[in-house]
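2 protein chains.
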Amino acid sequence: MSEAVAIGLLGHGTVGSAFAQLLDERAEEVRSVTGRAPQIAGVLTTSDGSFEDILERSQVVVELMGGIEPAREYVLAALRSGRSVVTANKQLLSQHGDELLAAAREGGAQLRFEAAVAGVVPVIRVLAESLAAARVERIHGIVNGTTNYILSEMARTGCSYADALAAAQRLGYAEADPTEDVSGKDAAAKMAILARLAFGAPVRLEQVPYEGIEHLTSDDIEYAQELGLGLKLVGTAERVGEGISVRVHPVFLYAGHPLASVAGPYNAVTVESPAITEITMSGPGAGGPQTASAVLGDLVSVLLAPPPTPEPAPPQLEVVTDVESAFYLHMEVADRPGVLAQIAQVLGLQGASIKSVIQKGLGDDARLVMVIHPLLESRLVAACDLIRGLDFVRSGPRAIRVLEEEFV
Amino acid sequence: MSEAVAIGLLGHGTVGSAFAQLLDERAEEVRSVTGRAPQIAGVLTTSDGSFEDILERSQVVVELMGGIEPAREYVLAALRSGRSVVTANKQLLSQHGDELLAAAREGGAQLRFEAAVAGVVPVIRVLAESLAAARVERIHGIVNGTTNYILSEMARTGCSYADALAAAQRLGYAEADPTEDVSGKDAAAKMAILARLAFGAPVRLEQVPYEGIEHLTSDDIEYAQELGLGLKLVGTAERVGEGISVRVHPVFLYAGHPLASVAGPYNAVTVESPAITEITMSGPGAGGPQTASAVLGDLVSVLLAPPPTPEPAPPQLEVVTDVESAFYLHMEVADRPGVLAQIAQVLGLQGASIKSVIQKGLGDDARLVMVIHPLLESRLVAACDLIRGLDFVRSGPRAIRVLEEEFV
């Protein structure tokens, strides 16, 4: 006879109902692996159920309501009462992670959240356990499936951003109001969560600068393809000197990069650490069934393991904002002699040097597309301001980051 | 004050010494994450130390000796005494996995072995925990870095197998005697370990048919590139009807497959399950530092968690040997009218149909290269026997499997 374990389920939307169904289907496997038979003790929906009542009858709480309140209050109460919590709530974790982890330590409970970042791609587990004692240097992630789908479609078909977004909405990959995804904010919340795990330092969403994909044109994608570059919305968390930098923006990747071939509504994360070089994990981004699977994996771990909540590391890592990047620049110029030389000179004044360049067209309709070697972003901004002041520059430069070429 | 934990280290070769150094460097991180400060209580080398003495002074044993005996005896003794064991020993696990898992249950100890398959790529952890309650349908793996390097070099440079092997040996990617790797036996042992985890069924190395890469020619790679195919040594473990099939052989992949872009001495594993579609994990194959990192990750988990040794599943899954595959066929023929029609007819008798075909050359030196749709391997063998008997066939057919096109 196996001991039963009572699960309190908070939330019964897409993910909540997918989880309830999956748990029902896989109950025997959970029992076989953990020795405990899971039983849903109560479900809190928007219209039904009392949290206090469900909490009292539960040994483990699964929070799939989303949003900050009342999810925050409920998760804190569960953890403080000693009940472990599995959640998929990235907003909550990225904005109140410290408070939740402190409550877990206080209650001697586990807080698990694989489903909050990259669905069933096991990046949380790998950072929290496999690489817990490793020195992680850098994480690059495609952590938003909506934007990856849109950029893949723009590259594949040459369509506009608006058309690709409409296609994503038709297929259910984008919400009716896509702002959270296309602005990069969703990815920023996920990168804050990953940075905390990787560097043991509290990183709040407000400290993560992000840029979205709304302003990108199929022109840029097309020109860049000639330079061997593909466009992705990439989150980066890395050590910079004695500090860390966490940020999200559209980035060009060379074809050899492990993230370059990630297409459609997929997620992928690359973790670099000296001892391991790098590992890459990829899979479908968050959908109901994938998220439910990640939650179930966490539930299994909760039933197997004691609290793995580490001591909070001293928040000694400074968040750095001005970092070095290589850039793609796109500008429209009058096609006169000496144009390229003058631009190269202006770039040189800021320490930027040109790696590759394409000139297109003639007369007043010429375009200059180039990739420049890494420089501090503040200096790139200064160089662009100077270029904008040149009389032969008709529009631009548009600047998009290019990821380092280490994998070429 | 943190409690100390005494580690007994068995083996001090490349991996053993890399682990000892890494543990020394990362001791403070291990303590911070687990609350316990690791200390090496003793090291057993080929010339020094007594196992009994080291066992007595240890709370956790790390086995990095390799080989079957005396590693088997030592690991069994440690587990039965209640000491958890971390090992990188794939031979031992693939041949004596049942016995070791039974000893772990008996002693209430953990047996962890992430480093035994694909180095630091977290495939063991994902199968044992994230997907422990999922229904895994199929695993595809590039789990031998030596052969992946050799095939990548043959494709990249057009060189022969012998030259690519020599290059691998110069770079330290292949041993002086490369038989274990190039024959596919190393990959077969790893696939047996993965199959056991994925399907909860005991799979022994002897039940895994394998084919190596020694017979492959750069010709095949070149022709196949025209068909959009790249060559990899792939291990497969999958459900087939009510049974399972586990096997290793050279396989052609279409460019869209997640394993197609894995180049050089890298490993990668794709896991398919209905709820998650598929996830892919990749990274450097086993080298000293990577293996040591995987061992350290396991040590952290041992210090965090109670025994996650599941009940043994009833061994009800039959190991199936005749499965369906698509095939690439390469034959030299006299270039007479009706040759292709006759071959198509012979294939048709066995239920095989041609998907794509290339004809090269003229007269007696003509070549016919084709890809045929999936059929049972026994029927392919029968078709090849018939084709060999046709008077215009000068050599071949050479047959190499092609992975399903689900990712195209």
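Heads up: the protein sequence lines correspond to chains A and B, in order. Start counting the first sequence at 754; every next residue gets the next number (our numbering). Start counting the second sequence at 754; every next residue gets the next number (our numbering). Just so you know, even glycine gets a beta-carbon here, dropped at the ideal spot from N, CA and C.
**Item:** chain A within 7 Å of B/V768, Cβ atoms only
**Value:** Position 15 of the second sequence, counted from the start, is the residue given in the question as residue 768 of chain B. No, B/V768 lies away from the interface with chain A (no Cβ there is under 7 Å from its Cβ).
**Residues from the segment 869-895 of chain A in contact with chain B, defined by Cβ distance under 7 Å** = V873, V874, P875, R878, V879, E882, S883, L884, A885, A886, A887
**Item:** Buried or exposed by the 16-neighbour rule on C-beta atoms within 10 Å, applied to A/R810
**Value:** For the purposes of this step, residue 810 of chain A is taken as the residue at position 57 of the first sequence. Exposed: under 16 other Cβ atoms inside 10 Å.
**Request:** Note down the Cα distance separating A/R1120 from A/S971, rounded to an integer number of angstroms.
**Result:** For this step, residue 1120 of chain A is matched to residue 367 along the first sequence. For this step, residue 971 of chain A is matched to residue 218 along the first sequence. If I take the Cα positions, the gap works out to 15 Å.
**Distance between B/L1006 and A/P1060 (C-alpha atoms, nearest Å)** = In the first sequence, residue 1060 of chain A corresponds to position 307, counting from 1. In the second sequence, residue 1006 of chain B corresponds to position 253, counting from 1. In this predicted model, A/P1060 has a pLDDT of only 44, less than 50, meaning its place in the structure is not dependable enough to derive any value.
**Message:** Measuring only the C-alpha atoms, how far is B/N897 from A/E975?
**Reply:** Reading the second sequence from its first residue, position 144 is the one you call residue 897 of chain B. Reading the first sequence from its first residue, position 222 is the one you call residue 975 of chain A. So the alpha carbons of these two residues sit roughly 38 Å apart.
**Asked** B/I760 to B/M1084, Cα distance in whole Å?
**Response** Position 7 of the second sequence, counted from the first residue, corresponds to residue 760 of chain B. Position 331 of the second sequence, counted from the first residue, corresponds to residue 1084 of chain B. Cα-Cα distance, rounded: 58 Å.
**Prompt:** Is A/V1086 near A/F1145, with beta carbons less than 7 Å apart?
**Reply:** By 1-based counting over the first sequence, the position of residue 1086 of chain A is 333. By 1-based counting over the first sequence, the position of residue 1145 of chain A is 392. In this structure, A/F1145 lies closer than 7 Å to A/V1086 by Cβ.
**Prompt:** What's the C-alpha gap between A/G766 and A/L776?
**Reply:** Counting from 1 along the first sequence, the entry for residue 766 of chain A is found at position 13. Counting from 1 along the first sequence, the entry for residue 776 of chain A is found at position 23. Near 15 Å, if we compare the C-alpha coordinates of A/L776 and A/G766.
**Asked** So which residues of chain B does A/L947 contact, with C-beta pairs closer than 8 Å?
**Response** Within the first sequence, residue 947 of chain A is the residue found at index 194, counting from 1. Ordered by position in chain B, no residue passes the 8 Å Cβ test against A/L947, which lies about 15 Å from the chain.
**Prompt:** Does DSSP put A/H1010 in a helix, a strand or coil?
**Reply:** Sequence index remark: in the first sequence, residue 1010 of chain A carries index 257 (1-based). DSSP places A/H1010 in coil when its eight states are reduced to three.
**Message:** B/D1051 and B/V839 - do their beta-carbons sit closer together than 7 Å?
**Reply:** Locating residue 839 of chain B in the second sequence gives position 86, counting from the first residue. Locating residue 1051 of chain B in the second sequence gives position 298, counting from the first residue. Yes.
**Asked** Smallest Cα separation from A/V1073: which of A/T932, A/P875, A/A990?
**Response** The residue you call residue 1073 of chain A lines up with position 320 of the first sequence. Nearest C-alpha to A/V1073: A/A990.
**Message:** Distance check for A/A1152 and A/G1142, CA to CA, integer angstroms please.
**Reply:** Here residue 1142 of chain A corresponds to residue number 389 of the first sequence, with the count starting at 1. Here residue 1152 of chain A corresponds to residue number 399 of the first sequence, with the count starting at 1. Their backbone Cα atoms lie some 16 Å apart in a straight line.
**Prompt:** Who pairs with B/N842 in a beta bridge, going by DSSP?
**Reply:** Within the second sequence, the letter at position 89 stands for residue 842 of chain B. Paired residues: none, contrary to the question.
**Request:** Identify whether A/A1071 lies in helix, strand or coil by the three-state DSSP scheme.
**Result:** Sequence index remark: in the first sequence, residue 1071 of chain A carries index 318 (1-based). Rather than Ala, the amino acid found at residue 1071 of chain A in this sequence is Glu. It is coil, neither helix nor strand.
**Spatial neighbours of A/G937 in its chain, beta-carbon cut-off 6 Å, leaving aside the 5 residues before and after** = Working through the first sequence from its first residue, we reach residue 937 of chain A at position 184. Same-chain partners within the cutoff: Y963, E964, G965, V1001.
**Request:** Could you tell me which residues DSSP pairs with B/Y1081 in its beta bridges?
**Result:** What you label residue 1081 of chain B is simply residue 328 of the second sequence in a count that begins at 1. Paired residue(s): B/V1124, B/I1153.
**Asked** What residues in the segment 1043-1059 of chain B have a beta carbon less than 9 Å from any beta carbon of chain A?
**Response** Q1043, A1045, S1046, A1047, L1049, G1050, D1051, L1052, V1053, S1054, L1057, A1058, P1059
**Prompt:** Are the CB atoms of A/V1022 and A/G894 nearer to each other than 7 Å?
**Reply:** Here residue 1022 of chain A corresponds to residue number 269 of the first sequence, with the count starting at 1. Here residue 894 of chain A corresponds to residue number 141 of the first sequence, with the count starting at 1. In this structure, A/G894 lies closer than 7 Å to A/V1022 by Cβ.
**Prompt:** Is there at least one Cβ from chain A nearer than 7 Å to B/E782's Cβ?
**Reply:** As a working note, residue 782 of chain B is residue 29 in the second sequence. Chain A contact via Cβ: present.
**Asked** Which ranges does the alpha helix (DSSP H) cover as unbroken runs of at least 4 residues, wholly within the segment 846-909 of chain A, from first to last along the chain?
**Response** none
**Prompt:** Near A/I1032, which residues of its chain fall below 6 Å by C-beta distance, leaving aside the five closest residues on each side in sequence?
**Reply:** Here the question's residue 1032 of chain A lines up with position 279 in the first sequence. If we look at A/I1032 and ignore the five residues flanking it on each side, its Cβ neighbours are V1024.
**Request:** Assess, as a yes-or-no matter, whether the segment 921-928 of chain B is touched by the segment 861-869 of chain B under the definition of 3 or more beta carbon pairs within less than 8 Å.
**Result:** no
**Prompt:** Should B/I695 be labelled buried (16 or more other beta-carbon atoms within 10 Å of its own) or exposed?
**Reply:** Residue 695 of chain B lies beyond the residue range present for chain B, which begins at 754 and ends at 1161; the question has no answer from this structure.
**Asked** Along the segment 1023-1040 of chain A, what residues have a CB closer than 7 Å to any CB found in chain B?
**Response** A1028, I1029, T1030, E1031, I1032, T1033, M1034, S1035, G1036, P1037
**Asked** Going straight from the alpha carbon of A/V873 to that of A/Q1112, what length do you get?
**Response** For this step, residue 873 of chain A is matched to residue 120 along the first sequence. For this step, residue 1112 of chain A is matched to residue 359 along the first sequence. Roughly 44 Å separates the two Cα atoms.
**Prompt:** Given B/D1075, which residues of its chain have a CB within under 8 Å of its CB, disregarding the five upstream and five downstream residues?
**Reply:** Position 322 of the second sequence, counted from the first residue, corresponds to residue 1075 of chain B. These residues qualify, in order along the chain: L1129, E1130, S1131.
**B/R1147 (DSSP reduced to helix, strand or coil)** = Start at 1 with the first residue of the second sequence, and residue 1147 of chain B comes out as number 394. Three-state DSSP puts B/R1147 in a strand.
**Request:** Kindly indicate the opening and closing residues of the beta strand (DSSP E) around A/V758.
**Result:** As a first step, residue 758 of chain A is located in the first sequence; it is residue number 5 there, counting from the start. Per DSSP, A/V758 belongs to the beta strand (DSSP E) from 756-763.
**Message:** Would A/Y914 and A/L969 qualify as a contact pair, given that the criterion is a beta-carbon distance under 7 Å?
**Reply:** If you number the first sequence from 1, residue 914 of chain A lands on position 161. If you number the first sequence from 1, residue 969 of chain A lands on position 216. The answer is yes: Cβ separation under 7 Å.
**Prompt:** What residue range is occupied by the uninterrupted beta strand (DSSP E) comprising A/E1025?
**Reply:** The sequence position of residue 1025 of chain A within the first sequence is 272, counting from 1. Run containing A/E1025: 1019-1026, per the beta strand (DSSP E) assignment.
**Prompt:** Within this structure, are the beta carbons of A/M883 and A/L980 separated by less than 7 Å?
**Reply:** Taking the first residue of the first sequence as 1, we reach residue 883 of chain A at position 130. Taking the first residue of the first sequence as 1, we reach residue 980 of chain A at position 227. In the sequence on display, residue 883 of chain A carries Ser and not Met. Going by C-beta atoms, A/S883 is not nearer than 7 Å to A/L980.
**Prompt:** Nearest chain A C-beta to B/S1014 closer than 7 Å, yes or no?
**Reply:** Walking along the second sequence from the start, residue 1014 of chain B turns up at place 261. Yes, B/S1014 counts as interfacial toward chain A.
**Prompt:** In chain A, what lies closer than 8 Å to B/R779 by C-beta?
**Reply:** For this step, residue 779 of chain B is matched to residue 26 along the second sequence. Going along chain A in sequence order, the residues near B/R779 (Cβ under 8 Å) are A886, A887, R888.
**Asked** Which residues of chain B have a Cβ atom closer than 8 Å to the Cβ of A/E867, listed in chain order?
**Response** Here the question's residue 867 of chain A lines up with position 114 in the first sequence. S883, listed in chain order.
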